[in-house]
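Using UniProt numbering, count along the sequence shown one by one with no gaps and you end on 593.
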Amino acid sequence: HTSTTIIDSLDKYCKHPLPDTVKNFISSNTHVSGAVSVSLNKDQHVVRIPPLVWQRLKSEGPILAQLMGAPKGSGECVCRVKRGVHAQTGKTHLRIFKEHLSRMHIPVFDEYDFTHDEDTTRIQGDIKPTTSVRHYQRASLERMFARDVARSGIVCLPCGAGKTLVGVAAMARLGRCCLILCKHTISVHQWRNQIALFSTVPDSCIFTFTSGSRSRFDADKHSIVISTYSMVVASTQRSTENERVIQALKARVWGVIVLDEVHVAPAQEFSKALQTFRAHMKLGLTATPIREDDNIADLNYIIGPKLYEANWLDLRRDGFIAHVQCVEVPCPMPAMFFREYLRFGTSALHDRQKQLTLSAINPNKFRTVQYLIQRHKERGDKILVFCEQVWVLKQYANRLNYPYLEGGTNEDERLTVLGLFLTDDSCNPLFLSRVGDDGIDLPAANVVIQISAQFGSRRQETQRLGRILRPKPGMAGMGSEYPHAFFYDLVSTDTVEESFSRNRRAYLVDQGHPFITMPHLSVAAAHDNTLLLGDAREVRSILDDALSAKAEAQSKTEQKARAKSVIAPAAKRRMQGKSMRKRVTGKASHNQW
């Protein structure tokens with residue numbers, strides 16, 4: 001849109017006349033939006049600056065110094081041309097330059113004239129003719145490939161709306177070598193399978209670079225590499241083979257780097273590591289363009305501006321994502337629990353952790369979880385139960401005899417349990433720590449029960465709801481006004497959980513997912529004599545356990561703890577029959593994804 005069309009539209013729909021200051025702001029910013037671009041030419045980045053922006057930059061001495069003030073002999077220079085200014089600069093100066101322009105609200109686009117690029121390694125294959133690209137996915141690709149060049153940037157789509165297909169389609173359209181970075185090893189396998197599903201790229205051209213990789217990287221054969229963020233930013237000593245692969249990845253000029261769950265990119269370690277890879281363009285994919293540290297704006301210069309964001313309500317109306325009923329369930333604490341909660345009401349870290357533990361293991365919350373599981377299993381629903389504290393997670397799973405996954409679970413067992421969740425009712429529900437927040441594709445799941453979360457994290461809440469956003473069988477006949485999935489947030493009343501819960505749901509409410517409060521669910525659970533923790537002695541026992549338990553709040557030590565069986569004893573016995581005889585191995589489970 002031009003400044004004229006924007007101003008005319010505002011004049012048409014605004015109740016009061018538009019102030020001149022607003023009109024001037026729109027005019028000055030639309031003229032520079034998309035005007036500054038960067039392209040990679042061998043080891044140099046060519047910055048194209050139009051005259052209007054150049055005039056604004058003249059008053060910004062430090063910015064131009066960063067762009068042009070390199071020592072002699074560095075190969076960096078500036079030359080004037082009729083249409084503006086072309087500047088050649090290296091990576092370090094370019095990053096600082098883009099950061100300065102971002103603060104001036106001047107977006108910088110990385111552009112790639114891929115149709116005339118004969119040097120970058122090509123990939124074999126294209127999108128399959130049978131692959132159906134939805135209208136909003138096409139719209140995001142059109143923003144990416146405007147004016148016959150490819151542009152770096154970020155595409156925001158809800159979980160389950162097909163972000164992976166957008167990445168595969170962009171890779172196929174470019175036809176150049178591609179590096180894909182994911183958050184989890186499971187996501188690496190899912191990306192490989194999705195590439196095979198949506199495109200004709202031979203599997204022999206794909207290399208998965210993870211800690212468990214057994215194959216050897218061949219630069220001449222592998223034009224697509226899929227890895228995790230942790231593998232490329234690892235500060236620990238790498239094996240000789242892994243170091244060889246890293247150096248080979250850094251030596252190649254990539255057509256595109258695809259960053260799945262790109263909201264993790266502003267992390268200092270990763271943003272530095274990303275600078276060591278050379279690429280013509282970068283594509284970021286995310287469902288949650290938010291961070292609690294407010295560093296999400298850094299993506300404007302690390303990756304690029306937002307290219308496209310889908311409207312959740314439109315996708316729900318058209319049946320591309322499920323209609324989720326979001327419910328808050330207040331759970332009062334028993335008197336003996338609440339007394340201990342208040343006793344730990346100091347600012348000391350240990351005391352706060354105890355308060356969070358007591359809020360999560362609240363017996364009334366425990367009984368409500370059991371009550372909801374029973375009701376939804378009667379409906380034939382697939383249930384995911386999330387809990388932030390690992391000790392609390394184990395208490396719920398072991399007492400209710402259901403499997404759980406947490407940071408210490410090894411990859412093979414994780415894949416096995418996820419596969420059984422889809423096929424075996426003894427693995428339903430599945431209890432998850434934060435390892436299940438993102439990067440795990442469980443399309444059958446349609447119920448989420450949240451016991452506790454990471455303080456007031458809006459991103460985590462949105463990611464957890466995203467586990468059940470995929471369209472469900474039979475949705476088309478139900479209409480978008482009826483819920484197809486359910487998200488329960490269980491909150492211990494009169495505790496710090498109440499304020500955290502209000503903050504977490506803010507983003508979901510903005511996206512059209514209002515919450516309703518249903519206190520009668522915890523009341524019904526309290527009067528159900530068939531549920532656990534109904535006896536005062538049981539309540540006293542679990543309280544004593546909680547008070548003596550060591551804090552296990554997702555520390556690095558816990559994350560690296562030795563892997564051990566995560567299937568609760570009774571659940572494991574139930575699965576030792578027919579289902580366990582057919583137990584999927586790690587490799588077979590990989591094929592399922």
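All C-beta atoms in this analysis are idealised placements derived from N, C-alpha and C, irrespective of residue type, glycine included.
Keep in mind that this is a model prediction, so the values were computed, not measured.
{"Item": "Residue range of the unbroken beta strand (DSSP E) whose run includes M281", "Value": "278-286"}
{"Item": "Closer than 8 Å to chain B by CB, Q44", "Value": "Absence of chain B from the displayed structure is noted, only one protein chain being present."}
{"Item": "Segments of 3+ residues assigned as beta strand (DSSP E) that fall wholly inside the UniProt domain \"Helicase C-terminal\" (368-508)", "Value": "383-386, 430-432, 447-450, 485-492"}
{"Item": "Burial state of H350 (16 or more Cβ within 10 Å)", "Value": "exposed"}
{"Item": "Helix, strand or coil at T115 according to DSSP, with G and I counted as helix", "Value": "helix"}
{"Item": "Nearest-angstrom Cα separation, counted from L469 out to S140", "Value": "20 Å"}
{"Item": "Nearest-angstrom Cα separation, counted from H520 out to V539", "Value": "21 Å"}
{"Item": "Minimum C-alpha distance to residue 595 - residue among I195, S271, N242, Q237", "Value": "For the chain, the structure presents residues 1 to 593; residue 595 sits outside this window and is missing."}
{"Item": "Opening and closing residue of the beta strand (DSSP E) in which E292 lies", "Value": "Per DSSP, E292 belongs to no beta strand (DSSP E) and is neither H nor E."}
{"Item": "S215 burial status per 10 Å Cβ neighbour count (16 or more: buried)", "Value": "exposed"}
{"Item": "Residues near G456 in its chain [Cβ-Cβ closer than 6 Å; skip 5 each side]", "Value": "F500, N503, R504"}
{"Item": "Residue closest to V417, alpha-carbon to alpha-carbon, out of L384, L400, Q395, R399", "Value": "L384"}
{"Item": "Whether L356 touches S452 by CB criterion (8 Å)", "Value": "yes"}
{"Item": "CA nearest to the CA of G153, picked from F338, V262, V225", "Value": "V262"}
{"Item": "Coil, strand or helix - F515 by DSSP", "Value": "strand"}
{"Item": "Coil, strand or helix - P363 by DSSP", "Value": "helix"}
{"Item": "Bridge-paired residues (DSSP) for D260", "Value": "L285"}
{"Item": "Uninterrupted beta strand (DSSP E) stretches inside the segment 151-193 (no shorter than 3 residues)", "Value": "153-156, 178-182"}
{"Item": "In DSSP terms, what E309 is bridged to", "Value": "C156"}
{"Item": "V253 versus A279: straight-line alpha-carbon distance, rounded", "Value": "5 Å"}
{"Item": "Cut-off 6 Å between Cβ atoms - residues of its own chain near M281, not counting five sequence neighbours on either side", "Value": "D110, Y112, A150, S152, V256"}
{"Item": "Between the CA atoms of L10 and P19 - distance to the nearest angstrom", "Value": "11 Å"}
{"Item": "Neighbourhood of V36 by C-beta, 8 Å cutoff - its chain only, sequence neighbours within 5 removed", "Value": "V47, R48, I49, P50, V53, L101, I106, P107, V108, F109"}
{"Item": "C205 vs I226 beta-carbon contact at 8 Å", "Value": "no"}
{"Item": "Segment contact flag, the segment 160-175 with the segment 195-213, C-beta cutoff 8 Å, min 3 pairs", "Value": "yes"}
{"Item": "Cα-Cα separation between S213 and K221, rounded to whole angstroms", "Value": "16 Å"}
{"Item": "Residues near V201 by beta carbon distance below 7 Å, same chain, minus five either side", "Value": "I123, Q124, G125, I195, I224"}
{"Item": "Pick from K183, K382, Y396 that is closest to K472, judged by C-alpha positions", "Value": "K382"}
{"Item": "Spatially closest choice to A297 from N428, L543, M104, by CA coordinates", "Value": "M104"}
{"Item": "Cutoff 6 Å; reference residue 625; Cβ partners in own chain excluding five residues on either side", "Value": "Outside the displayed span of the chain (1 to 593) sits residue 625, for which this structure offers no information."}
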